[in-house]
Amino acid sequence: MHILNVVGARPNLMKIGPLVEEMRCFPDIHQTLVHTGQHYDAKMSRIFFDELGIPQPDICLGVGSGSHAEQTARVMLAFEKVLLEEQPDVVVVVGDVNSTLACAVTAAKLWVPVAHVEAGLRSFDRKMPEEINRIVTDALSDWLFATSRGAVEHLRNEGVPDEKIFFVGDVMVDTLMKYRPRAEALRSPSKFGLEPKGYTLLTLHRPSNVDDADVFAGILDALAAIQCDVPILFPAHPRTVKRIQEFGFQERLAASPDLHIVEPLGYLEFLDLMMHARLVLTDSGGIQGETTVLGVPCLTLRENTERPVTVTEGTNLVVGTDPIRIVEETQRILADNAPSGRIPELWDGRAAERIISILHQHFCA
Ligand code: UD1
């Protein structure tokens, strides 16, 4: 059985890691890893391969950045050649980035079956590029591996037949559970001059937040107020750094001495910092899930989430981008009113095992 695994952007890497590792347990599985090159900086890509023991990609497409159409088209053109050459039995795509969509479409057109890991997530906000990627990828996939019962329901509501849907848990949780002890040994907060449980960790990179100068300025106002109460550590995404320069926000940031901007961090260091944070402010999807597993309060700076289970069962609260609300909810948590939560069903570190066993049984039994 030949499985072709696809990665492209940073959040794909902590998802593919446990799948690649599990596939290695089966001598009759031959796997090929393709990196589209959507993310290419060492801090957005290579560091995760090194830390998570992911083998170097067999094939690199080197597509780089561009508009959505450019990037998607470049992946499709290059990936079509790979598929014709490799003739895999199945293509495994993870998450919801442009590379996920591009490879799913290309495979489906060549009648190569597609397995989508993290299927069924929906924000119901089509202005989010990832939402389009999720809908199209799910519509074309033959195996839809869902992280929650809510995701299963979304797929059923869209008419996906039950025999294609598998509720397996979340592969990101597999990675988190495996690497948690190693991350904790790093003692990362002290490297940044921070006390455990004495800081807020921030990530911000959604186009809806950082590509709009007014929205971004409002969030910076909220952060300026929050850093007076608790220091903020902000590993900034390249998109965000670019916008800070473009909008001339450097002076605003300089006026907030306890808002510390640093370069993007590796998986282990970031996990350690998340674990010991008093609070996490984010617009990322994966971080909402990770903080739920860690039991760390999370405020999501977006109007919606594709991971509602992190709100109904976990420690996440979706607060939007109104600066007053962000500050109020932060103060509530700092006053010890953090939402307590539980770990969602099947988020037990064994999602990859379930997924590969299903695929193996189909092709090799
Ligand atoms: C992409 C994903 C998003 C994910 C995020 C995680 C899509 C539509 N979006 O968004 O879902 O949450 O990755 O990081 O696929 N850049 C660099 N170096 C890199 C990569 C990007 O400098 O290694 C800069 C470039 O200026 C680029 C910009 O970041 O134009 C945006 O990169 P892109 O991959 O288009 O989208 P992300 O914002 O990273």
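With positions in the sequence shown counted from 1, the corresponding number in the numbering used here is that position plus 150.
Ideal Cβ placement from N, Cα and C applies to all residues, glycine included.
| Query | Result |
| --- | --- |
| Quick one: grab the DSSP three-state call for Glu-281. | helix |
| Are the stretch 163 to 171 and the stretch 203 to 212 touching, with three or more C-beta to C-beta distances below 8 Å? | yes |
| Could you please give the first and the last residue of the uninterrupted alpha helix (DSSP H) stretch that includes His-512? | 501 to 514 |
| The beta strand (DSSP E) with Phe-295 in it runs from where to where? | 293 to 296 |
| What residues does the ligand UD1 have around it, judged by CB closer than 7 Å to any heavy atom, in chain order? | Ala-159, Arg-160, Pro-161, Gln-188, His-189, Tyr-190, Asp-191, Met-194, Ser-195, Ser-215, His-218, Gln-221, Asp-246, Val-247, Asn-248, Ser-249, Pro-279, Glu-280, Asn-283, His-355, Pro-357, His-387, Pro-388, Arg-389, Lys-392, Ser-434 and Gly-435 |
| What is the rounded straight-line gap between the Cα of Arg-299 and the Cα of Asp-324? | 18 Å |
| Whether or not the stretch 436 to 456 and the stretch 351 to 361 are in contact is what I'm after, with contact meaning three or more pairs of Cβ atoms, one per stretch, closer than 8 Å; do they touch? | yes |
| Measure the C-alpha to C-alpha separation of Gln-438 and Gln-221 and round it to an integer number of angstroms. | 27 Å |
| Candidates Val-412, Val-255 and Leu-344: which alpha carbon is nearest Val-380's? | Leu-344 |
| Could you check the C-alpha separation between Ser-273 and Glu-281 for me, to the nearest Å? | 7 Å |
| Please report the Cβ distance between Val-262 and Val-244, rounded to the nearest whole angstrom; I am assuming they are in contact, meaning their Cβ atoms lie under 8 Å. | Not really, about 16 Å apart at Cβ, beyond 8 Å. |
| Would you mind giving the Cβ-Cβ distance between Leu-467 and Pro-489, rounded to the nearest angstrom? I have them listed as a contact below 8 Å. | 6 Å |
| Just the Cα atoms here: how many angstroms apart are Leu-520 and Val-156? | Since the first residue shown for the chain is 151 and the last is 515, residue 520 is missing from the structure and cannot be characterised. |
| Are Ala-223 and His-189 touching if we call contact CB-CB under 7 Å? | no |
| Report the option in Leu-233, Leu-271 and Thr-471 whose CA atom is closest to the CA atom of Pro-458. | Leu-271 |
| Taking only the alpha-carbon atoms, compute the straight-line gap between Ser-195 and Ala-405 and give it to the nearest angstrom. | 32 Å |
| Taking DSSP as the reference, what is the three-state secondary structure of Phe-384? | strand |
| Quick check: what's the CA-CA separation for Trp-293 versus Arg-306? | 13 Å |
| For Gly-464, which residues from the same chain have a beta carbon less than 6 Å from its beta carbon, with the 5 sequence-adjacent residues on both sides left out? | Thr-442 and Gly-491 |
| At which residues does the beta strand (DSSP E) containing Phe-366 begin and terminate? | Taken as a continuous stretch (DSSP letters only), Phe-366 belongs to no beta strand (DSSP E), being part of the alpha helix (DSSP H) at 363 to 376. |
| Can you tell me which of Val-213, Glu-236, Leu-233 and Leu-234 puts its alpha carbon nearest to the alpha carbon of Val-225? | Val-213 |
| Could you say which of Asp-433, Met-327, Glu-171 and Ile-476 lies nearest to Met-278 if we only look at CA atoms? | Asp-433 |
| Here's the rule: buried if 16 or more other CB atoms are within 10 angstroms of the residue's CB, otherwise exposed. What is Arg-504? | buried |
| Just curious, the alpha helix (DSSP H) that Ala-265 is in, first and last residue? | Careful: Ala-265 lies outside any alpha helix (DSSP H), inside the beta strand (DSSP E) at 264 to 269. |
| Helix, strand or coil: how does DSSP classify His-152 here? | strand |
| Who are the near neighbours of His-180 in its chain, counting only those whose CB is closer than 6 Å to its CB and skipping five residues on each side? | His-152 |
| Can you tell me where the beta strand (DSSP E) holding Phe-199 begins and where it ends? | Unbroken run through Phe-199 is the alpha helix (DSSP H), 196 to 202; no beta strand (DSSP E). |
| Whole angstroms are fine: how far does the CA of Thr-353 sit from the CA of Leu-449? | 11 Å |
| Give me the residue from Cys-378, Ser-217, Cys-253 and Leu-351 with the minimum Cα distance to Lys-231. | Cys-253 |
| Name, in chain order, the residues that DSSP records as bridge partners for His-185. | Val-157 and Cys-210 |
| Using the three-state DSSP reduction, which class does His-410 fall into: helix, strand or coil? | strand |
| For Trp-497, which residues in the same chain have their Cβ closer than 7 Å to its Cβ, ignoring the five residues on either side in sequence? | Gly-319, Asp-320, Val-323 and Val-443 |
| Does the distance from the C-beta atom of Phe-316 to that of Phe-342 stay below 7 Å? | no |
| With distances taken from CA atoms, which of Leu-421, Phe-513 and Pro-447 is nearest Asn-487? | Pro-447 |
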